[in-house]
Amino acid sequence: MTYPYENMQDYTLPSLLKRSVELYGPKKVLSKVDQEPMSYEELHENVHAMIKLLKKNGVRKGDKVALLSENMPNWAVAYFSVTYFGGVIVPILPDFHPSDVQHIIRHSEAKAVFVSQKHLQTIEELDNSNMKFVIKLDDLTLINELTNHSYIAKLTQRMASKELPRPKEDDMAALLYTSGTTGHSKGVMLSHKNLVTNAMSAYKNVTVLPEDTFLSILPLAHTFECTVGMILPILHGADIVYLDKTPTPNVLIKAFASVRPTMMLSVPLIIEKIYKNKILPKFTGSFIMKTLYSIPFIRKLLNKVAGKKLIETFGGRIKFFGIGGAALSPYVEKFLAEANFPYIVGYGLTETSPLIAGGRIGYPIKIGSTGLPMVGVEVQIKDPNPQNGEGEIITRSPSIMIGYYKDEEQTKEVIRDGWFYTGDLGYIDEDGYLFISGRSKNVIIGPGGENIYPEQIEAIINQHEAVLDSLVMEKDGKLVARVHLDYELIDKMFNAHNMPENEVREKIAEYLENMRIEVNTQLASFSKIQKFIEQIEPFVKTPTKKIKRYLYTE
Numbered sequence: 000m001t002y003p004y005e006n007m008q009d010y011t012l013p014s015l016l017k018r019s020v021e022l023y024g025p026k027k028v029l030s031k032v033d034q035e036p037m038s039y040e041e042l043h044e045n046v047h048a049m050i051k052l053l054k055k056n057g058v059r060k061g062d063k064v065a066l067l068s069e070n071m072p073n074w075a076v077a078y079f080s081v082t083y084f085g086g087v088i089v090p091i092l093p094d095f096h097p098s099d100v101q102h103i104i105r106h107s108e109a110k111a112v113f114v115s116q117k118h119l120q121t122i123e124e125l126d127n128s129n130m131k132f133v134i135k136l137d138d139l140t141l142i143n144e145l146t147n148h149s150y151i152a153k154l155t156q157r158m159a160s161k162e163l164p165r166p167k168e169d170d171m172a173a174l175l176y177t178s179g180t181t182g183h184s185k186g187v188m189l190s191h192k193n194l195v196t197n198a199m200s201a202y203k204n205v206t207v208l209p210e211d212t213f214l215s216i217l218p219l220a221h222t223f224e225c226t227v228g229m230i231l232p233i234l235h236g237a238d239i240v241y242l243d244k245t246p247t248p249n250v251l252i253k254a255f256a257s258v259r260p261t262m263m264l265s266v267p268l269i270i271e272k273i274y275k276n277k278i279l280p281k282f283t284g285s286f287i288m289k290t291l292y293s294i295p296f297i298r299k300l301l302n303k304v305a306g307k308k309l310i311e312t313f314g315g316r317i318k319f320f321g322i323g324g325a326a327l328s329p330y331v332e333k334f335l336a337e338a339n340f341p342y343i344v345g346y347g348l349t350e351t352s353p354l355i356a357g358g359r360i361g362y363p364i365k366i367g368s369t370g371l372p373m374v375g376v377e378v379q380i381k382d383p384n385p386q387n388g389e390g391e392i393i394t395r396s397p398s399i400m401i402g403y404y405k406d407e408e409q410t411k412e413v414i415r416d417g418w419f420y421t422g423d424l425g426y427i428d429e430d431g432y433l434f435i436s437g438r439s440k441n442v443i444i445g446p447g448g449e450n451i452y453p454e455q456i457e458a459i460i461n462q463h464e465a466v467l468d469s470l471v472m473e474k475d476g477k478l479v480a481r482v483h484l485d486y487e488l489i490d491k492m493f494n495a496h497n498m499p500e501n502e503v504r505e506k507i508a509e510y511l512e513n514m515r516i517e518v519n520t521q522l523a524s525f526s527k528i529q530k531f532i533e534q535i536e537p538f539v540k541t542p543t544k545k546i547k548r549y550l551y552t553e
């Protein structure tokens, strides 16, 4: 497979960076909101200065270096400096529990760690590891009190005259530990070729230009943001702006006004919250508006008006809004499509670097689809059901991982004859669009042998204005749903602050039962819910905001 990028020596991260520096040198590339940006030339200089520091302290080709930090421009400096000479970067999601972080550093045998001030305590508490030195990411300096000076003195003498080699395409570049919904963290080994070809494969989905500005709000340690939100814009000479605060609605609105991004990535939760909290109430706040909004032709007109306002809220320049990491609710997608909002739904896994399929700007939209396979990516349905064409999604491409770190058995389970078995079930329609039905591990078998996909039922429950989250599962042979409500809205609906607690509980139970009856009118007989259970505490989630199902279903 060839990609339309000239002057690329090979499919490695240093070749990609070198090409971009030559093409876009003085242009800005990395900054925080309202702060002075770093240019492509400065990024290159900072990377080479960091390579000298790493080399002086004994990091060699194949050595692992951990990276634990919130998003900032120096995150990219650390990432490219380690991978430039064949080192392996181990990005760690800052949402991970400190004990998980420490396990990853030990398991990966990381020799050094880049860490931001915010997460320094987690590293200070680390013991029994191979770690020899620590670099503070905020200013790229060695932290002396955590540095093994005797080790560095010996290695400085041994390494001073040795040149560090350039990596090959198939060398490991990154080792990423997933936080899945099944509870088992796995080390995914991605090569230079995996990451670079995946970034290149997006050229048919969206046109990225040097004048584009990405606003980065998802953690860079997640492959989706790293490949599509960092490597991809750097490949095209665009610039990236990072938030230095949690992306709450107020923080985002200020950032949109200041940055006026043309492109950004999001998990579904963010756009779903904007729709449910900011847009939908305007259309359902009164009986007249609710009635008008229920008429398809008027709803489309209203959604078009709302879409223009939404684009203004984003700063007025947004032309690509990539959604991935979890399933997007069909009712929210219907709004985005009718609003002419420039969204794209993508699908992939950490193991596939990550993109497998995605929508394409300018192509027809199919609600519920994750679009067409990426350029250079093959997708098949294994053993499709003769009735509906559903089966396990398998894929083959240059972006398939090397394997799981220290786990050949699991690697052989998922990679067979060059094909990666995703564990997701879906089908491909007559136009080649991929549709995801659900995760094979989550499927519940109905009384007549039917496949029940909890994710599809949850999408219907989550449409209700007072529902924040839901989880459908089987209990004693019956389908039940745990429902986490928006208690602020519930208080307003029931005027709860003027009621005794037992009355409030009765009202909530009645509300849930009415909702259950209404939801069941939209479900097949074999997938009707027998009981709604109030989930008072928020569900525990992965960093991509998927519920950790195993905590509730086992």
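Residue numbering for the sequence shown follows numbering that gives the first Met the number 0, beginning at 0 and increasing consecutively.
Each residue gets a CB set at the ideal place from its N, CA and C atoms; glycine is no exception.
Give the DSSP bridge partners of residue i, in chain order.
i: glycine 425; result: Gly390 and Ile435
i: threonine 379; result: The sequence given here places glutamine at residue 379; threonine does not occur at that position. For glutamine 379, which the question treats as bridged, DSSP gives the partners Ile393.
i: phenylalanine 419; result: Thr394 and Ile414
i: lysine 185; result: None; lysine 185 has no bridge partner.
i: threonine 212; result: Asp238
i: aspartate 468; result: His483
i: leucine 16; result: Note: leucine 16 sits in no beta bridge, so no partner.
i: lysine 530; result: Val479
i: asparagine 450; result: Ile444
i: tyrosine 202; result: Paired residues: none, contrary to the question.
i: phenylalanine 113; result: Leu66 and Ile134
Note down the Cα distance separating residue i from residue j, rounded to an integer number of angstroms.
i: aspartate 62; j: isoleucine 103; result: 15 Å
i: methionine 262; j: alanine 256; result: 14 Å
i: threonine 146; j: lysine 131; result: 6 Å
i: threonine 369; j: asparagine 302; result: 22 Å
i: lysine 440; j: glycine 422; result: 7 Å
i: alanine 65; j: serine 98; result: 15 Å
i: threonine 180; j: alanine 109; result: Confidence at threonine 180 is low in this model, with a pLDDT of 47, below 50, so the placement of that residue is unreliable and no value is reported for it.
i: tyrosine 510; j: lysine 491; result: 14 Å
i: glutamate 407; j: isoleucine 401; result: 11 Å
i: asparagine 73; j: serine 80; result: 10 Å
i: lysine 544; j: alanine 325; result: 8 Å
i: lysine 563; j: glutamate 350; result: Nothing can be reported for residue 563: it is not among the residues displayed for the chain, which extend from 0 to 553.
i: isoleucine 460; j: valine 518; result: 7 Å
i: arginine 395; j: arginine 438; result: 19 Å
i: phenylalanine 340; j: glutamate 124; result: 46 Å
i: isoleucine 322; j: leucine 470; result: 21 Å
i: lysine 540; j: leucine 67; result: 19 Å
i: leucine 42; j: lysine 299; result: 46 Å
i: glutamate 412; j: asparagine 450; result: 23 Å
First and last residue of the beta strand (DSSP E) that includes residue i?
i: leucine 29; result: 27-31
i: leucine 522; result: Taken as a continuous stretch (DSSP letters only), leucine 522 belongs to no beta strand (DSSP E), as it is neither H nor E.
i: methionine 171; result: 171-176
i: proline 90; result: 87-91
i: phenylalanine 319; result: 319-322
i: tyrosine 346; result: 342-347
Is it right to say residue i is buried, meaning 16 or more other beta carbons lie within 10 angstroms of its own, or is it exposed?
i: valine 304; result: exposed
i: proline 453; result: buried
i: proline 397; result: buried
i: lysine 54; result: buried
i: glutamate 389; result: buried
i: glutamine 101; result: buried
i: leucine 550; result: exposed
i: phenylalanine 223; result: buried
i: proline 166; result: buried
i: threonine 561; result: No answer is possible for residue 561: the residues shown for the chain start at 0 and end at 553.
i: glutamate 487; result: exposed
i: methionine 188; result: buried
i: phenylalanine 434; result: buried
i: alanine 159; result: Residue confidence for alanine 159 is low, a pLDDT of 48 falling below 50, so the modelled location carries little weight; the figure read from the coordinates is stated next. The residue is exposed, with fewer than 16 neighbouring Cβ atoms inside 10 Å.
At which residues does the alpha helix (DSSP H) containing residue i begin and terminate?
i: glutamine 455; result: 453-460
i: alanine 305; result: 295-312
i: methionine 288; result: 286-292
i: methionine 262; result: Where methionine 262 is concerned, there is no enclosing alpha helix (DSSP H), although the beta strand (DSSP E) it sits in stretches over 262-265.
i: tyrosine 551; result: 549-552
i: phenylalanine 132; result: Counting along the chain, phenylalanine 132 falls outside any alpha helix (DSSP H), though it belongs to the beta strand (DSSP E) covering 132-135.
i: phenylalanine 538; result: Looking at the DSSP string, phenylalanine 538 is not in any alpha helix (DSSP H), and its letter there is neither H nor E.
i: phenylalanine 282; result: 279-283
Could you check whether the Cβ of residue i sits closer than 8 Å to any Cβ belonging to chain B?
i: glutamate 454; result: Here there is only one protein chain, and chain B is not present.
Could you check whether the stretch 89-101 touches the stretch 39-49, counting it as contact only if at least three pairs of C-beta atoms, one from each stretch, sit closer than 8 Å? no
Pairs of beta-carbons, one from the stretch 195-205 and one from the stretch 411-418, closer than 8 Å: are there three or more? no
Spell out a yes or no on whether the stretch 356-371 and the stretch 240-248 are touching, meaning 3 or more CB-CB pairs, one atom from each, closer than 8 Å. no
If you pair each beta-carbon of the stretch 356-363 with each one of the stretch 373-387, do three or more pairs fall below 8 Å? yes
On the three-pair Cβ rule with 8 Å, is the stretch 275-282 touching the stretch 213-233? no
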